[in-house]
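2 protein chains.
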Amino acid sequence: MTAWIACDWGTSNLRLWALDADGRVLAERTSDKGMGRLAPDGYEPALLDLATQFLPADVCPFTVPVPVIVCGMAGARQGWREAPYLPVPCVPSGAGAVRVATRDPRLEVHILPGLSQTDPADVMRGEETQIAGLLHGDPGFDGVLCLPGTHSKWVRAAGGRVLHFGTVMTGELFALLSEHSVLRHTVGGGEDPAAFDAAVTAALADPAGWMTRLFPLRAEALLGDLSPATAGARLSGGLIGAELAAMRATWQGQQVALIGADRLSDLYARALTGQGVPVTRHDARALTLAGLKAAHAALGKVAA
Amino acid sequence: MTAWIACDWGTSNLRLWALDADGRVLAERTSDKGMGRLAPDGYEPALLDLATQFLPADVCPFTVPVPVIVCGMAGARQGWREAPYLPVPCVPSGAGAVRVATRDPRLEVHILPGLSQTDPADVMRGEETQIAGLLHGDPGFDGVLCLPGTHSKWVRAAGGRVLHFGTVMTGELFALLSEHSVLRHTVGGGEDPAAFDAAVTAALADPAGWMTRLFPLRAEALLGDLSPATAGARLSGGLIGAELAAMRATWQGQQVALIGADRLSDLYARALTGQGVPVTRHDARALTLAGLKAAHAALGKVAA
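Next up, the structure:
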């Protein structure tokens, strides 16, 4: 029987898990009703679309609502309801959750806050729950987390707390350059690990020169026979290398917990281990669920 | 009476000048029939649209065709007819022009080549004519030219020759980030010279950190009250500063001839003079015409 529901509500997708009182996953559901497609009054129906089968069938005066713990963009200002950011340093689990009123009395929705930082200004929303999942499972963690993506996050954590973080728009820059700039004619899919490694090395050796290494991809394709795969590997290696150069003070001499099991994270693992950095790999989905469980426990919603 | 026609045929626009035998401009015409809108068989009609009134009204067996000297993207592979790149180092005027056959016997069209470089791979098409214009007017020039734009060009020239050049996609990066990235919500028009100067200084002081200074613009707007004008000034200052950092070996200790009279070039002049670099300003349109005149002369088409 469903004791509570965990929700990861991002910009593009909604993912929920129905859990029993012992924290076992009974079912997992996803839909494409992400924040980007919803007005505020669309969230409750989108949630019910996936959750109805896990709620009591009948509503009576004694119906006990099912707790729903939500992380992610549903808590943005333009989301379901704003869950204000929690400033770092802080423990990223459960504190600051916002209760959202619902028309359906079977729901008791709590949205978790994101994290904010003043200097330099930065924010995250969703990733804090993955971080909470990792810190909950490894309370003695003292090191750096890297969450590669459209907006990569680099996080310094110790003692169960997030101390400091930084966002780098590497994935968005790659998408803009490879799909919308003059390089779109030149950059394609495929793999070229040697070209990737060389580009990472060049970016780390001469981070100031990053801008001079973009247009030559186009020129070399015009003048010679640069393959789309090699051009793509050079572009991604150059950008990931530039990201590593920018974040060097954060990772140097640290262990890095890399959250992500996809091809992008493989590239980060390759680049970091190439710099002699010890890397551990973690599954983002599993950590999100672990973080939602930690928040559920912290909110006092543990089963009696 | 029109002795020849000079054409600057870019991606977006076509500009032509009718000149007399003494090189005086009789008329100037523009249209939006740039390379981006034309198939190969569309060039001659587009040229005739603007040029007909400067050509002999009647065609007879003794009609002498009017030379038309074209620079720019009309000579690209996907243009009217490819005018292969001239490799540097070279004198950028007239050599390598390609004769294009026309249906109209009143036209004698020559397309000027762009310039190419092998290491690092680079190309230009159109800018070489502005450079030729400057070098023709100042044969003793020994220094650096900077042509800011979507793809900024930095050129080392001496002895009337282009020795080396580099392309930096600064303008395209600014457009992508300010119009298509998450920063589009944050970055707007308007001026903030102090924020621009500070961003240039920060970029030059810490070029490796450029990537870390993008997302904080968004975060500061979310958390505080960063104005769109200040965010825009920081973004453009950060990118131009990063460009200067990347090209430092090219401009340091040199005089820089800045080609461009628009607001963008004002920003480059401000950034360069802030670094103690002596800057001279030059009008791009006037230099293009001067370069086309130099090419016309070199092609042996000077008036008898």
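So the protein sequences, as listed, match chains W and C. Residue 9 is where the first sequence starts when you use my numbering, and the numbers rise one by one after that. Residue 9 is where the second sequence starts when you use my numbering, and the numbers rise one by one after that. Quick reminder that beta carbons are idealized off the backbone N, C-alpha and C, glycines included. This structure is a prediction, so every number in the text was calculated from the model and none was measured.
If you draw a 10 Å sphere on the C-beta of Phe70 (chain W), you find fewer than 16 other C-beta atoms in it, and that means exposed. Only those residues of the stretch 110 to 133 of chain W whose C-beta falls short of 8 Å from the nearest C-beta of chain C are listed: Ser124, Gln125, Thr126, Pro128, Ala129, Asp130 and Val131. Looking at the DSSP output, Phe173 (chain C) bridges to C:Val163. Distance from the CA atom of Ala183 (chain W) to the CA atom of Gly245 (chain W), rounded to whole angstroms, is 14 Å. In this structure, the alpha-carbon of Phe173 (chain W) lies about 9 Å from that of Pro128 (chain W). With a beta-carbon spacing of about 21 Å, Val76 (chain C) and Leu123 (chain C) fall beyond the 8 Å limit used to define contacts. Rounded to the nearest whole angstrom, the CA to CA distance from Leu247 (chain C) to Phe223 (chain W) is 15 Å. Counting every other CB atom within 10 Å of its CB across the protein chains shown gives Glu199 (chain W) a total below 16, marking it as exposed. Asp16 (chain W): member of the beta strand (DSSP E) spanning Trp12 to Trp17, first to last residue.
In this structure, Ala250 (chain C) sits near Ala211 (chain C), with a CB-CB distance shorter than 8 Å. Taking the C-beta atoms as reference points, Gly299 (chain W) is found nearer than 8 Å to Ala140 (chain W). When rounded, the separation of the alpha-carbon atoms in Leu63 (chain W) and Val74 (chain W) is 7 Å. Within chain C, Met219 have C-beta atoms less than 9 Å from the C-beta of Thr178 (chain W), given in sequence order. Contact annotation: Thr296 (chain W) and Ala265 (chain W) have beta-carbon atoms that are not nearer than 8 Å. Not a single C-beta of chain C is nearer than 8 Å to the C-beta of His290 (chain W). The Cβ atoms of Leu142 (chain W) and Leu153 (chain W) sit closer than 8 Å to each other. Gln125 (chain C) sits buried, since 16 or more C-beta atoms from the chains shown fall within 10 Å of its C-beta. Counting only the Cα atoms, Gly42 (chain C) lies some 5 Å from Thr19 (chain C).
Runs of beta strand (DSSP E) with 3 or more residues, each lying fully within the stretch 68 to 120 of chain W, are found at 74 to 80, 106 to 108 and 115 to 119, listed in chain order. Under the Cβ distance rule, Thr175 (chain W) counts among the residues neighbouring chain C, one pair being separated by less than 8 Å.
A Cβ of chain W is located within less than 8 Å of the beta carbon of Ala216 (chain C).
Taken in chain order, the complete alpha helix (DSSP H) segments of 4 or more residues contained in the stretch 263 to 307 of chain W are 271 to 282 and 292 to 306. Close CB contacts of Arg192 (chain C) within its chain, under the 7 Å cut and outside five residues either way in sequence, are with Ser186 (chain order). Checking the DSSP bridge columns, you'll see Ala35 (chain C) partnered with C:Ala26.
Under the 10 Å beta carbon count, Val72 (chain C) is surrounded by fewer than 16 other beta carbons and is classified as exposed.
The C-alpha of Gln262 (chain C) lies about 26 Å from the C-alpha of Ala302 (chain C). Contact of Pro224 (chain W) with chain C is assigned, a C-beta pair being separated by under 8 Å. CA-CA distance, Pro100 (chain W) to Gly151 (chain W), rounds to 16 Å. Cβ atoms of Cys79 (chain W) and Gly134 (chain W) come within 8 Å of each other, at about 6 Å. Only buried fits Cys15 (chain W), as 16 or more other CB atoms lie within 10 angstroms of its CB. Gln125 (chain C): member of the beta strand (DSSP E) spanning Leu123 to Gln125, first to last residue. Under the 10 Å beta carbon count, Asp49 (chain W) is surrounded by fewer than 16 other beta carbons and is classified as exposed. With respect to the C-alpha of Pro97 (chain W), the residue from W:Gly232, W:Trp88 and W:Glu136 having the closest C-alpha is W:Glu136. If the five residues before and after Ala203 (chain W) are omitted, its C-beta is found closer than 6 Å to the C-beta atoms of Thr238, Ala241 and Arg242, all from its own chain and listed in chain order.
Gly102 (chain C) and Leu307 (chain C) do touch by the CB rule: their CB atoms are close to 5 Å apart, below 8 Å. Ranking W:Ser189, W:Lys161, W:Ala166 and W:Leu252 by CA distance to the CA of Gly268 (chain W) puts W:Lys161 first.
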